[in-house]
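Order-wise, the sequence lines are chains Z and V.
Per our numbering, the first sequence starts with residue 287, numbered consecutively.
Per our numbering, the second sequence starts with residue 467, numbered consecutively.
The beta-carbon is built from N, C-alpha and C at its ideal position, and this holds for glycine as well.
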Amino acid sequence: MIFPFVWQTVTSLKSPGEIFRVPPSIFPDELYIQNYKDVFTAGVPFHWYLRNSVIVAGLTTLICLIVGSFASYVLARFKFRGQALFLGLLLAVAMFPQVAIISPLFLFFRDIGLLNTYPGLILPYTTFALPLTIWILTSFFRELPVDLEDAALIDGCSPFQSFYRIIVPLAAPGMVTTAILVFIFAWNEFLFALIFNTANHMRTVTVGITMFPGLHEVPWGTIFAASTIITLPLVLMVLLLQKRIVQGLTAGSVKG
Amino acid sequence: MKSRSYLPYYFIAPAAIIIFGIALYPILHTFYISLHQINLKFPDLGMSFIWFENYIRLFRDVRAMGALLNTVFFTVSTVALELVFGMIIALLMDRALRFRGILRATVLIPWAMPTVVAAMLWRWMYNDQSGIINAMLVATGITSEYMQFLAEPVLAWTAVIVTEVWKTTPFMALLLLAGLQVIPREVYEASAIDGASKVRTFFTITLPLIRPVLLVALLFRTLDAFRVFDVIFVMTGGGPGNATESLSLYTYKTMFGALDFGYGSALSILTFACVVIISVFYIKFIGTKTR
C-alpha cells in the first residue's frame, strides 16, 4: 500500500539522468537535493502556491469549525421544527457533484470579482466540508454530559454563554479531529481551484504541481520533490493522529 | 431539551445560508443556464432562451453518451474492487490486534495524499520507458516488453482504475472496520461452537450485521466515483482519443475549453440527475432492507 509513496520520495532524490535509467534503480546513486531547490527556483512560484494553500485550507478549517459548531450544538441538544429538513439538506450537499454548480458559481464569482481571490475558494470549500464538520461535531457534543450546561443555565448563563464557555472547551478533542479532516479536504481539492483561481499567483499546490514546465521531458524529479513537500504535512498528521482521524471518518456512518 | 425560543434557528442559520447560497440556489441556476445558449467566446451575443435544445443535443452527442458510459463503467468497476479489497483489509485489521496501529497508518497514507499527487505518481510509475511497473512486469516475466499503458484504451482504463482503487480502498476499509468492531465477540464464539465454517460465518453473520455500514460506505463511494475528475484529468486527460473521458471531464472541457456554458450546464445537470437517481436507489435499499 505505501510503496507508491516510498517510490515518490525515492524518485524525488534522483538526478535527472538517473530518473530515466532503464530499468529504474531502487536506491538513488547519490541523494540529489537539487530537485528540492528547483521546486522553488525552476520558474514556478511554488512558495506562492504553498502560501495560498495554507491560507485557503486554514481559513476554511476555521470557518467550518465556527459555523459548524453552532449548528452541531443545537442538533445535539435541541429538538426543533425543521430539524429533519436541515439534516436532509446536509445529506444532499454531502452527495452533491461539485461539477453541477461550477457554471453559475463561475459566472457569479466573475461578476462580483471573486475569481482569483481567497474567498472564491474558501466559500465553496466551506460549503462542501460543512456536512462532515457538523456530523462529527454533533456526535462529539452528544457525548458531553448535559448536567454541566444545566448548571450553567441555573447559574445565570445565557444559552450562548454556556455554549462557548462550557461546550466548546470540552469538545476540544472533537474540534481537533474535525479540523484535521477539513484541512486535508481543502488542501487536496482540485476542481474548484483549477477553475476559479487561474492566475499564477493565486494557484494552490494541487493545481501548482501540474504546472511545472518541461523543456524536453516532464521534470519528474522536481514534481516529486514538490509532491513530497505537499504530502509530508498530511503524512505526519496521519501518523501522529491516526486514531482521531479514523474516529472522525467513521463518526457519522456507523450509526447510519 | 425542548426549546420554545428561536435559539436553534439562530445557531443553524449561518450553515443553512452558506449551503443554500453556494450549493442549492446554484443548482437551480445551472438548470436555468442549461436552457440557454451562452458561449463566453461570444460575450456580445449574451444569453438566448432555447428551451430544451441543449438536452436534445446531449442525447444525440456520441461523445456525451460515451462519457456517461465511461463514468458508469468506472464507477461500477472501482466500487466493486474497493468493496472486495476493503472488506479483506477490514477483516485483517479486525483480527490483527497487535499490528492494527501500523496497518491503520499504512492504509491512511494513500487516503491522505492529494488525488492529484497520487495520479501524477501513478502516471510516472506507468511510464512506457522508465516506469517501475513496466520494469517489474518484465523482470517477473509477466510481459515480454515495455507497454504503453496510457496510450491504449484497455490499458489506460486499467491504469486509471488501479490508481483510484489504491487511493480510495482505505476509506472503504476503515468504514467497514468500524462496522466490524461493533459486532460482539460472543456472536462469533457462538457460531464457532455451533460448528459453522469461517466462510459460512462471514456470509450468514458478519455480512448481515454490517449491512447498514456497508450500504452507507457504498453510497458515498459510488457518488464520489461518479464525479471522478482529478485522476483522469492528470493521468490520461480523457485519452487516448476520448476513451477514458468522464462526464465531469467532458463538462469541464465544454465549459472552459470551448467556453460553451449553456451546453456545459446541461451536461452538469445530467451528472446531477444521475447522482439523484443513485442516491434514491441506495436510500430505498437502506430503508427497506434494514428493518
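Answer yes or no: do residue i and residue j have a C-beta to C-beta separation smaller than 7 Å?
{"i": "V:Thr496", "j": "Z:Ser389", "result": "yes"}
{"i": "Z:Tyr318", "j": "Z:Leu345", "result": "no"}
{"i": "V:Pro434", "j": "Z:Val360", "result": "Residue 434 of chain V cannot be examined here, being either before or after the span of chain V that is shown, 467 to 757."}
{"i": "Z:Ala415", "j": "Z:Phe356", "result": "no"}
{"i": "Z:Ile408", "j": "Z:Thr464", "result": "no"}
{"i": "Z:Phe426", "j": "Z:Ala380", "result": "no"}
{"i": "V:Leu616", "j": "V:Thr702", "result": "yes"}
{"i": "V:Pro492", "j": "Z:Ile387", "result": "yes"}
{"i": "Z:Leu434", "j": "Z:Ile452", "result": "yes"}
{"i": "Z:Ile349", "j": "Z:Thr412", "result": "yes"}
If you measure from the beta carbon of residue i to each beta carbon in chain V, is any gap under 7 Å?
{"i": "Z:Pro309", "result": "yes"}
{"i": "Z:Thr295", "result": "no"}
{"i": "Z:Gln528", "result": "yes"}
{"i": "Z:Ile288", "result": "yes"}
{"i": "Z:Asn402", "result": "no"}
{"i": "Z:Ser513", "result": "yes"}
{"i": "Z:Ala370", "result": "no"}
{"i": "Z:Asn474", "result": "yes"}
{"i": "Z:Thr492", "result": "yes"}
{"i": "Z:Leu520", "result": "yes"}
{"i": "Z:Phe366", "result": "yes"}
{"i": "Z:Pro314", "result": "no"}
{"i": "Z:Leu477", "result": "yes"}
{"i": "Z:Pro383", "result": "yes"}
{"i": "Z:Ser298", "result": "no"}
{"i": "Z:Val379", "result": "yes"}
{"i": "Z:Val330", "result": "no"}
{"i": "Z:Leu409", "result": "yes"}
{"i": "Z:Val292", "result": "no"}
{"i": "Z:Thr536", "result": "yes"}
{"i": "Z:Phe306", "result": "yes"}
Opposite residue i in the DSSP bridges: which residues?
{"i": "V:Asp726", "result": "V:Asn505"}
{"i": "V:Ser514", "result": "V:Gln503"}
For residue i, decide whether its Cβ has a neighbour in chain Z, counting only Cβ atoms nearer than 7 Å.
{"i": "V:Thr624", "result": "no"}
{"i": "V:Leu587", "result": "yes"}
{"i": "V:Met579", "result": "yes"}
{"i": "V:Leu640", "result": "yes"}
{"i": "V:Arg561", "result": "no"}
{"i": "V:His495", "result": "yes"}
{"i": "V:Gly723", "result": "no"}
{"i": "V:Ile759", "result": "As shown, chain V starts at 467 and ends at 757. That puts residue 759 of chain V outside it, with no answer to give."}
{"i": "V:Trp464", "result": "Since the first residue shown for chain V is 467 and the last is 757, residue 464 of chain V is missing from the structure and cannot be characterised."}
{"i": "V:Val583", "result": "yes"}
{"i": "V:Phe539", "result": "no"}
{"i": "V:Phe668", "result": "no"}
{"i": "V:Gly730", "result": "yes"}
Kindly say whether residue i, judged by its beta-carbon, lies nearer than 7 Å to any beta-carbon of chain C.
{"i": "Z:Leu375", "result": "No chain C appears in this structure, whose protein chains are Z and V."}
With three or more beta-carbon pairs closer than 8 Å as the criterion, would you say the stretch 574 to 590 of chain V touches the stretch 511 to 520 of chain Z?
yes
Going residue by residue through the stretch 621 to 683 of chain V, where are the continuous alpha helix (DSSP H) segments of at least 4 residues, counting only ones entirely within it?
651 to 659, 664 to 667
Taking contact to mean 3 or more Cβ pairs, one atom from each stretch, closer than 8 Å, check whether the stretch 497 to 504 of chain V and the stretch 718 to 736 of chain V are in contact.
yes
Is the stretch 629 to 642 of chain V touching the stretch 551 to 559 of chain V in the sense that three or more CB pairs, one from each, lie closer than 8 Å?
yes
Using a Cβ distance threshold of 8 Å, determine whether the stretch 603 to 614 of chain V contacts the stretch 519 to 526 of chain V, with at least three qualifying pairs required.
no
Pairs of beta-carbons, one from the stretch 482 to 500 of chain Z and one from the stretch 322 to 341 of chain Z, closer than 8 Å: are there three or more?
yes
Pairing CB atoms from the stretch 290 to 310 of chain Z with CB atoms from the stretch 592 to 604 of chain V, are three or more of them under 8 Å?
Yes, the stretch 290 to 310 of chain Z touches the stretch 592 to 604 of chain V.
Are there three or more Cβ pairs, one per stretch, closer than 8 Å when the stretch 705 to 723 of chain V is compared with the stretch 533 to 541 of chain V?
By the criterion of at least three beta-carbon pairs nearer than 8 Å, the stretch 705 to 723 of chain V is in contact with the stretch 533 to 541 of chain V.
Output the residue ranges of the beta strand (DSSP E) runs that lie fully inside the stretch 536 to 621 of chain V and measure 3 residues or longer, sorted by chain position.
Runs found: none.
Let me know the alpha helix (DSSP H) ranges lying completely inside the stretch 342 to 404 of chain Z, each 4 residues or longer, listed in chain order.
369 to 381, 388 to 397
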